[in-house]
Each structure stands twice: as structure tokens, then as C-alpha cells.
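Just so you know, the sequences run in chain order L and B. For the first sequence, counting from 1, position 34 maps to 33 in numbering that gives the first Met the number 0; every step adds exactly one. For the second sequence, counting from 1, position 128 maps to 127 in numbering that gives the first Met the number 0; every step adds exactly one. Ideal Cβ placement from N, Cα and C applies to all residues, glycine included. Since the model is a prediction, treat every value here as computed from it, not as a measurement.
Number of protein chains: 2
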Amino acid sequence: MIAIDWGTTSFRAYRLDREGNVVDARSSGKGIMATPPGPNVLEDEIGDWLDDGPIVMSGMVGSRQGWVEAPYVPCPAGFSEIASFLKEVRWKNHRAWIVPGVSCRDAAGVPDVMRGEETQILGCGVDGTICLPGTHSKWVEVRGGRIERFSTAMTGEVYAVLKQHSILGRMMEEGAADPDAFAQGVRRSGDDGGLLHHLFGVRTRGLMGELAPAASASYLSGILIGHELRSRATKEVLLLGAAALTTLYAQGAALLGVATRTLDADAAVRCLFRLASSRA
Amino acid sequence: MIAIDWGTTSFRAYRLDREGNVVDARSSGKGIMATPPGPNVLEDEIGDWLDDGPIVMSGMVGSRQGWVEAPYVPCPAGFSEIASFLKEVRWKNHRAWIVPGVSCRDAAGVPDVMRGEETQILGCGVDGTICLPGTHSKWVEVRGGRIERFSTAMTGEVYAVLKQHSILGRMMEEGAADPDAFAQGVRRSGDDGGLLHHLFGVRTRGLMGELAPAASASYLSGILIGHELRSRATKEVLLLGAAALTTLYAQGAALLGVATRTLDADAAVRCLFRLASSRA
């Protein structure tokens, strides 16, 4: 079978054997924003695999801007709920299934959504509080193998836009990650005044010569991740994602006395394999 | 005498009579980022006034990127401290004074700075908690006519960069300010989850059809201003600034049970007149 992680900026395909082992993998930059998603991308990228179906695809390929919209499944959502809402697409003699996203509402009734992360989470097969750090970090409560509820923090995107487009970025110089400045930022996030005040300190500490230009991106990152971590009261967090980010979050959590464990970042393929098997 | 408010993006000059009344005013876009600040700008903009000195200038003209740096005066700072640190500049047969900025440190020792706002504040001649909303909002404690301490919130700049450069802006449509969406945002800022989570709700509520594209900028503004207001526990705020912003802040404060009073936004000229008189 073929498992595909088709996101906004990237396309990753895995060819699996009958036991679910990855026997081949390809990736490209043909995310849905780069190239209109549809049969052509599959023909171009993995045309020689297509007779090895079934094909299961997760991520933004199922969004409104994707190939076909696979509407969000409301929480609580586990394997069976998601499997039953797979969206089928057909072309020529091929067919594929798109994994739906998951939605929920917080205590105030405000909606939240994920698309792609549900596949990673269910592939891990663990219960607990799972954090997937990133552009839009997800904090997910999993109980009995089902996603009970979750909430998103825009940490990564706020970091990126402040660095690229605000006055804070103007004083920054490229440099290696600075663990000490990061820790200062995490501690700063617990002070009075709120995030909007703490952010300005990136500028003023630089202005006063108390923060090196090459350290200020790490300080900013610590402030933002510190605020994200503090707004989630929990004793243990399971981290799921790219090592560069999970390492940072583990460092930040340690400063706040929160235990962390890192999950297998490649778990999504296992979930896609199970979903494919359910339709084989 | 001549009073000048010389900022990052604008240049405003006022010609005053012996009693401090404004008899003429000129403004242009020759802020320090647009045109290198120095005698040439004064010659071009108000060359025919220059023999009517003394000239007193406040704002970013005294920053490191300005004409001459007028170092920050530490808090507590009142009229006499600021008057004694005026920085003199001379050219041809003219001379002028640049008003220094003010600095302080918060309880955690992190520095904060203002430049230009001190002139507006001292011109008002009132004690209390003064908020100057804007790109970098200032919250200032004034006691006995002196600036005791202050703190900055990057509210306006965070709003602008999120609107222009983040995924939140992509769903926005231009529209009139929407007081109801603004109020929803202010209320939202009191919910669990923190600012980084509340921001994502601008997207998800839009995605779910629960927030109109033309209302989402007002909702975002309400979330940010709500967070700013909530992180400052106070019973009464004196608002100082452009009417469009002080009106928004007054609406937000009212929702949180905080009383507001609006100060005269043109007070800076009074302070500049007093400073000029001290050197005449």
C-alpha cells in the first residue's frame, strides 16, 4: 500500500509492504500551496507505484484548498471514527482515501481544528497529553486511544512573523541556538506584565546591550514557548515532532518542572497502514 | 519659540507665541526613517521660522538613529530631570534642544524605554495611570508630576504583523470597525488557554463560518487589547493618544469594568513650551 503525508508545503510518500514496513520513500516540495493537488501530482511523483494501492493520504490534501474536502470529524475521535469518514477519490482505474481532520470546541465554545496531526497521534497508540510543536502547536488529550479534546497555540507562526517582519527581527543576527538565552526567555514568561510586554524586552535588552544580537532569536523563542507551556497545566507531556523542536520544548518544560517523553515522529505511517488495511 | 515632534515616520512643527499658543503648524512625512535627520530638514520644512527660536524637539530625533543621541533619563523622571538633560545641537547661528527619552526597569530587572511619550505625559500635568495606546503601547505611573515607572506592550505592532503577514490576515476582508466582534475578542481574552491559543480562534471561527471576514480584524484587535488591559490591574486609566485608538481602549476597558478618562492628545506642545522657556 501507499501512505502519503500531503501538507501545505511538502509531499511525502511511503511505499509499504504487507506488514506495514516502509520499503521506499519519496518526498518533494509539491505541497498544496506549491502545486494544485490532484491525480497529476501522484502520477508525477509516484506514477510507478500506483498499481500497488490502496492509497491513503492525510494532511492539507483534505482541506477546502486541497484535492477534495474531507470534513472534520468532531471529538472524541479515535481510529474507528476516522476510518469511517475516509473520503474516497477515484481517477482512471485508481482510487485513494483522504483522512479527515478532527475538530473540537473549547470550554468557551470556540472551535479548533487539526488536519494531519490526528494521523500522527493515532499512530503512536499512547494515552496522555501529547504536544506537537510547530507553526500551529497542538496540545491533545488522548484517552482510551481516542482524541478527547485539543487546543492550538500559534507559537511557531508568531515567532516567524515577529522575527521576519517586526522591529524585534531588525536587531537579530543569525547565530547558533543559544540555550542560555532560551532559558532566560522561558523564565521571563513567568513574570508580570503579559506576553505583549515580555516581547518588547527582546528589543530593550538588545538596546541596552544586555542581549547579544545573535542570542535574541533564542530569547524570543523562549518567551513564546514559555508562555505556551505555562498556559497548559500538566505534569507530563509527550512530545511528537521534529527533533529540533521537541528538544527545545523538552528544555523549556524541564525549566518549569514538567516531565517530557518523546514519541516516534514517524508514527503517522502506522496509522495510515491501519486505515489502508481497513479498506483493503 | 518652535516645538517639534520628530518621530520615526513623521515630522510635526508648531510655532508658538510668548504665551505658548500655537500660531502656526506644519507637518510632513520626513520622519527619521524617511529622511536623515539634521539641519537640512529644519531648513527645508521651517526655514522661515528658524530665527524665532528657541527650538525644542522630542521623539526619535534623539535616538541612536536620530540627529544626536540624547541618552535616556532613568525613572523617576519629572520636568526638572528632563529639562536638565536636554541635549543641545548647534548649526550656523541656530541652536536647538533635543528632549531625552526615559528608561526604567521592571521588577525582574528588564529594561524599558520611551522616547517622545514623556513629553506628552508631562504636558498633561496629571497624576495617575496613563495609557498611550499604539504600536508600542505605554503604561505609565505618574505621581507628583513625575514618571515613576512604566511598561510597554507591543500590541499595535503584533496586530499589524499578524494582519499583514500571518495566516490570520489571509482570511480578513476590509470592513468598517465592528464593535460587536471587538467586544467578543475582549471577552475571549479572559478565557483559558492564553493569547497564543486565542489568536488561532480568529482562524477557526472564520473557517467554521462563525466570524465574518470583514469582522475578523476587529475580533483580533479585541483579543490583543483585551490581553493588554487584563495584564494591568488598575481601577482607572487615563487615555492619551489619537481618538481612533483611545476610543477602542475605552470600549475595551468598559467591558472589563475599568473606568477611563481621555487626556488632551495635544499636550506635548505645552511641555515643549515649558522646556523651551527654561532655556530661553
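query, result
"Segments of 4+ residues assigned as alpha helix (DSSP H) that fall wholly inside the segment 89–122 of chain L", "none"
"Bridge partner(s) assigned by DSSP for isoleucine 3 of chain B", "B:Ala12, B:Met56"
"Extent of the continuous beta strand (DSSP E) to which serine 83 of chain B belongs", "Serine 83 of chain B -> not in any beta strand (DSSP E); alpha helix (DSSP H) instead, spanning 78–83."
"Close-in-space but distant-in-sequence residues of the same chain around proline 110 of chain B (CB under 7 Å, 5 per side omitted)", "Ser102, Arg104"
"Aspartate 23 of chain B to aspartate 16 of chain B span [Cα, whole Å]", "9 Å"
"Per-residue burial, aspartate 47 of chain B [other beta carbons within 10 Å of its own, 16 or more giving buried]", "exposed"
"Min CB distance aspartate 191 of chain L to chain B below 8 Å", "yes"
"Whether aspartate 51 of chain B touches arginine 14 of chain B by CB criterion (8 Å)", "yes"
"Rounded straight-line distance, which links the Cα of glycine 205 of chain B to that of arginine 269 of chain L", "33 Å"
"Check whether serine 57 of chain L and alanine 267 of chain L have beta carbons under 8 Å apart", "yes"
"Glutamate 147 of chain L, enclosing beta strand (DSSP E) - first and last residue", "145–152"
"Beta-carbon proximity of leucine 195 of chain L to glutamate 227 of chain B, cut-off 8 Å", "yes"
"Amino acids of chain B, ordered along the chain, whose beta-carbon sits closer than 9 Å to that of aspartate 105 of chain L", "Asp190, Asp191, Gly192, His196, Gly200"
"9 Å Cβ cut-off: residues of chain L touching valine 308 of chain B", "The requested residue 308 of chain B is not part of the displayed model; chain B covers only 0 to 279."
"Burial state of glutamate 156 of chain L, where buried means 16 or more other Cβ atoms lie within 10 Å", "buried"
"Proline 110 of chain B: contacting residues in chain L (beta-carbon distance under 9 Å)", "Gly200, Thr203, Arg204, Leu206, Met207, Glu209"
"Within-8 Å CB hit, serine 150 of chain B to chain L", "yes"
"Reduced DSSP category for threonine 245 of chain B - H, G, I as helix; E, B as strand; rest coil", "helix"
"Bridge partner(s) assigned by DSSP for alanine 24 of chain B", "B:Tyr13"
"Per-residue burial, threonine 8 of chain B [other beta carbons within 10 Å of its own, 16 or more giving buried]", "exposed"
"Cβ pair alanine 241 of chain L, alanine 264 of chain L closer than 8 Å", "yes"
"Alanine 221 of chain L to arginine 11 of chain B span [Cα, whole Å]", "At residue 221 of chain L the sequence reads glycine, which differs from the alanine that was named. Computed Cα separation, rounded: 39 Å."
"Neighbour list for glycine 166 of chain L in chain B, Cβ cutoff strictly below 9 Å", "Residue 166 of chain L is actually isoleucine in this sequence, not glycine. Thr134, His135, Met153, Glu156, listed in chain order."
"Against chain B: residues of the segment 227–242 of chain L by CB proximity under 9 Å", "Glu227, Arg229, Ser230, Arg231"
"Interface partners of valine 160 of chain B on chain L, CB under 8 Å", "Val160, Leu161, His164, Ser165"
"Straight-line gap, isoleucine 129 of chain B to glycine 144 of chain B (C-alpha atoms, nearest Å)", "12 Å"
"Assigned secondary structure, alanine 175 of chain B (DSSP; H/G/I helix, E/B strand, else coil)", "coil"
"Contacting residues, own chain, Cβ-Cβ under 8 Å from aspartate 126 of chain L (five flanking each side not counted)", "Val141, Arg142, Gly143, Gly144"
"Test item: CB-CB of arginine 202 of chain L and methionine 170 of chain L under 8 Å", "yes"
"Outcome for alanine 275 of chain L when other beta-carbon atoms lying within 10 angstroms are tallied against a minimum of 16", "buried"
"Nearest candidate by alpha-carbon position, reference glycine 256 of chain L, set L:Trp66, L:Arg231, L:Ile81", "L:Arg231"
"Arginine 89 of chain L classed as buried or exposed, judged by whether at least 16 other C-beta atoms fall within 10 angstroms", "exposed"
"Reduced DSSP category for threonine 259 of chain L - H, G, I as helix; E, B as strand; rest coil", "strand"
"Status (buried if at least 16 other CB within 10 Å, exposed otherwise) for arginine 114 of chain L", "buried"
"Proximity to threonine 233 of chain B [Cα-Cα], best of L:Asp177, L:Tyr248, L:Gly192, L:Ile81", "L:Gly192"
"Outcome for alanine 95 of chain L when other beta-carbon atoms lying within 10 angstroms are tallied against a minimum of 16", "buried"
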